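Following: one structure in structure tokens, then a few remarks.
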Amino acid sequence: MTEETGLSWVAAQCDDLEDLPVEELDCLAERGPVEAMLRVAERSVTALSHPGAVRLGQDLRRLLESSLPDATIRTVWLGATDHVFDPAKDGINARAWLREMEQAWLAAERRNDPAFVPPPAAPETDEGLRRNVLQAIGRVSGDLTGTVENRIYPLPLPGLVPALEQVTVRACADLGYRMVLRALKANYVAVDTATHDMFITLGNRFGHPRSLVTEGLNCRT
Numbered sequence: 453m454t455e456e457t458g459l460s461w462v463a464a465q466c467d468d469l470e471d472l473p474v475e476e477l478d479c480l481a482e483r484g485p486v487e488a489m490l491r492v493a494e495r496s497v498t499a500l501s502h503p504g505a506v507r508l509g510q511d512l513r514r515l516l517e518s519s520l521p522d523a524t525i526r527t528v529w530l531g532a533t534d535h536v537f538d539p540a541k542d543g544i545n546a547r548a549w550l551r552e553m554e555q556a557w558l559a560a561e562r563r564n565d566p567a568f569v570p571p572p573a574a575p576e577t578d579e580g581l582r583r584n585v586l587q588a589i590g591r592v593s594g595d596l597t598g599t600v601e602n603r604i605y606p607l608p609l610p611g612l613v614p615a616l617e618q619v620t621v622r623a624c625a626d627l628g629y630r631m632v633l634r635a636l637k638a639n640y641v642a643v644d645t646a647t648h649d650m651f652i653t654l655g656n657r658f659g660h661p662r663s664l665v666t667e668g669l670n671c672r673t
């Protein structure tokens with residue numbers, strides 16, 4: 453079972469769309485990316501452990517309950533998926549899309565357990581952990597910014613690093629940590645061994661396994 457969890461797992465499904473289940477690929481072709489991503493959210497209930505699927509609902513709620521602008525949420529999503537799905541191109545703003553995803557996830561949970569009550573968002577707000585995540589983002593900021601802002605295709609993505617920092621500070625430190633990892637992987641940004649080890653150590657503090665970092669991360673030795 454994958455070590456990805458919550459919203460970062462949904463982002464990871466965009467790594468290679470050909471690996472999506474046939475019904476989701478058909479949905480993508482026939483009804484567009486909004487509907488396809490809702491199907492992915494529904495699939496989380498069976499594809500992930502129960503805590504991992506529940507974390508999707510919590511991640512969505514963490515963003516929805518935050519004071520983050522829609523533009524910041526959109527930027528982080530595009531950075532974590534290398535522009536695979538931009539809700540704005542389908543005429544839907546980031547928060548409206550998150551609400552639809554939350555409803556799709558909740559409906560799937562309740563098909564399994566009609567009495568299911570989603571837990572509170574419970575964002576990670578420990579100041580020390582926030583500071584550590586910001587340090588990790590700072591360590592990769594130059595390479596990540598250079599990769600996403602100086603390319604021709606997909607389109608440049610200015611402001612990704614500040615957006616990741618804002619998610620960390622204003623929504624949830626754990627979500628910020630997982631989304632910067634997804635951004636590094638999606639954009640194939642190389643990190644040195646010391647940075648790789650820093651992410652593993654920080655992940656341990658959040659309770660994530662080592663493989664959450666090592667799977668798919670481009671580490672130069």
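One rule links them: number in the working numbering = place in the sequence shown (from 1) + 452. Note that the Cβ used here is the ideal one computed from N, Cα and C, for glycine as well. Every value quoted in this text rests on a predicted model; they were computed, and no experiment measured them.
I'd like the span of the alpha helix (DSSP H) that includes residue i, first residue to last.
| i | result |
| --- | --- |
| S460 | 458 to 464 |
| I652 | 645 to 658 |
| V528 | 522 to 533 |
| T498 | 485 to 499 |
Report yes if the CB atom of residue i is closer than 8 Å to the CB atom of residue j, and no otherwise.
| i | j | result |
| --- | --- | --- |
| A532 | A625 | no |
| L512 | M553 | yes |
| L459 | L627 | yes |
| W557 | S496 | yes |
| V462 | M489 | yes |
| I544 | V486 | yes |
| T599 | V641 | yes |
| V621 | H648 | no |
| P571 | V613 | no |
For the candidate residues the options, whose alpha-carbon lies nearest to that of residue i?
| i | options | result |
| --- | --- | --- |
| T653 | E617, A588, C671 | A588 |
| A623 | L636, I544, S519, T647 | S519 |
| E517 | D595, C671, F651, V619 | V619 |
| A615 | R483, P503, L500, G590 | G590 |
| D680 | L508, V600, P539 | Any property of residue 680 remains undetermined from this structure, which presents the chain solely from 453 to 673. |
| V585 | G504, G655, D467 | G655 |
| V643 | D595, G509, E494 | D595 |
| I525 | R662, R547, T597, R563 | R547 |
Would you decide whether residue i is buried or exposed? Buried here means 16 or more other CB atoms lie within 10 Å of its CB.
| i | result |
| --- | --- |
| P566 | exposed |
| Y629 | buried |
For this session: Would you mind listing the alpha helix (DSSP H) stretches within the region 582 to 642 that are 4+ residues and don't spill past its ends, in chain order?
Result: 612 to 622, 625 to 638
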